[in-house]
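The structure under discussion appears below in the form of structure tokens.
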Amino acid sequence: MEFLLCTIGFAGKTAEEFFRLLKQAQVEKLIDIRLNRGGQLSGFAKHPDLAFFLQKVAGIDYSHEPQLAPTSGLLDAYRDSRDWAAYETGFLGLMRDRGVPEAFDAGMWPERAALLCSEPGPEKCHRRLAADLLAAHWREQGHSVEIRHLIGARVKPSRPPRAKPKSAP
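Per the numbering used here, the sequence shown starts with residue 49, numbered consecutively.
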């Protein structure tokens, strides 16, 4: 079977951009892997509103998979230290303890799914780690898996040109 496993974060994106990225990738189901999905800072991605918006705006199904979420202790330790290597080691250990990726049968997933978290990019986000684990496991089972990180256009704010110093007379 061929799978497209996308990842997406809602931070730094407008609702328009978020839903456009999902529609362009033809995502069938968004799988929310956030620990806290109802935070007031989540805006349009707050639970339960997100499931409604996904269906009405893009015809995309929604599910929550807490088994792929970090623990609050792991998140707190990362926020305190900003040590990504330690976070990654801790998260991968947590996944191993939870039986991930073996607990996830590829046959139970849609061919085009997206893992959701909050971070704007996948570089330092657990959704990338979860996608890598699932993809490697499913590839070992003979499936073809493409991982695609859905990120928005990052526009740098323009700065006015620096004024040239006046030369002395």
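No residue lacks a Cβ here, since even glycine has one placed at the ideal position from N, Cα and C. All of these numbers come straight from a predicted model, not from anything done at the bench.
Suppose contacts are defined by Cβ-Cβ distances below 9 Å. Is residue i in contact with residue j by that definition?
i: G107; j: F58; result: no
i: A179; j: T55; result: yes
i: L177; j: L140; result: yes
i: L198; j: A73; result: yes
i: L102; j: D109; result: yes
i: I195; j: L53; result: yes
Tell me which residues share the same chain as residue i and place their Cβ nearer than 6 Å to its Cβ, disregarding the 5 neighbours each side in the sequence.
i: S111; result: I79
i: G190; result: none
i: K71; result: A106
Quick one: grab the DSSP three-state call for residue i.
i: R187; result: helix
i: E194; result: strand
i: G57; result: strand
i: D97; result: helix
i: A179; result: helix
With a CB to CB cut of under 7 Å and the five nearest residues on each side skipped, what residues in its chain are close to residue i?
i: C165; result: G57, I81, R82, C173, H174, R175
i: Q115; result: R146, V148, A151
Which whole-angstrom value describes the C-beta separation of residue i and residue j, a residue pair presumed to lie in contact below a C-beta threshold of 8 Å?
i: L163; j: G138; result: Wrong, their Cβ atoms sit about 19 Å apart, outside the cutoff.
Under 8 Å Cβ to Cβ from residue i, same chain only, skipping five residues before and after it: list those, please.
i: E150; result: H185
i: K94; result: R85, G86, G87, Q88
i: S192; result: M49, E50, F51
Open item on the list: Three Cβ pairs or more, each shorter than 8 Å: is that satisfied between the region 63-83 and the region 144-151?
Closed with: no
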